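Enquirer: Sharing a structure with you now.
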Ligand code: FEO
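Numbering (this note's numbering), first residue to last: 867 to 1028.
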């Protein structure tokens, strides 16, 4: 059984994951309306992945006898100055999420709730990947800044995400 404190903290993370999903969906529609279908596709996949993260937390809460409480999702930005700006914001956001996961790990370890600690390790690894991917696209976009052919090529690459 989860402690009340962990149950609340995991529910807060469910909300954070849905907020992430909402943010990436907003980015996806932003790029779709700009004709950058590859960027739109990439962020839509990201939106779907974040919903899976939320689902993973919800399933876990239920499996430990807790109660899922879905709270309102706060508004997200709707505009970004450039693809680079969107990926910089993505990287910044993923770093914040990593911090949230680390706080949960610390809480689980403090309570000697090793099952929750173990579940969270999947997210610790996932965040390494999330930050690395976003950093990679920030670097790539800095390299091709002002080069439309570069943006065209990257748009094509992003459109191939499975
Ligand atoms: Fe659910 Fe992008 O972290």
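Even for Gly, the Cβ is constructed at its ideal location relative to N, Cα and C.
If you're wondering where the values come from, they're calculated on a predicted model, not measured in any experiment.
1. Among 960, 934, 887 and 910, whose alpha-carbon lies nearest the alpha-carbon of residue 940?
2. Where does residue 1016 fall in DSSP's three states?
3. Short check: CB of residue 1021 to CB of residue 909, under 7 Å?
4. Please report the residue range of the alpha helix (DSSP H) in which residue 906 lies.
5. For residue 911, collect the residues of the same chain with a Cβ closer than 7 Å to its Cβ; drop the 5 residues on either side in sequence, then sort them by chain order.
6. Is it true that the CB of residue 952 sits closer than 7 Å to the CB of residue 1019?
7. Checking 7 Å against the spacing of the C-beta atoms, do residue 916 and residue 883 come in under that value?
8. Identify which residue in 1014, 1008, 878 and 976 has its Cα closest to the Cα of residue 919.
Expert: Concretely, from the data shown:
1. Ranking the options by Cα distance to residue 940, first place goes to 887.
2. In the three-state reduction of the DSSP assignment, residue 1016 falls in the helix class.
3. The criterion of a C-beta distance shorter than 7 Å is not satisfied by residue 1021 and residue 909.
4. That run of the alpha helix (DSSP H) goes 903-929.
5. Counting only Cβ-Cβ distances below 7 Å, and skipping sequence neighbours, we find 1027.
6. At a Cβ-Cβ threshold of 7 Å, residue 1019 and residue 952 do not count as neighbours.
7. Result yes, Cβ atoms of residue 916 and residue 883 sit closer than 7 Å.
8. Of the listed residues, the one whose Cα sits closest to residue 919 is 878.
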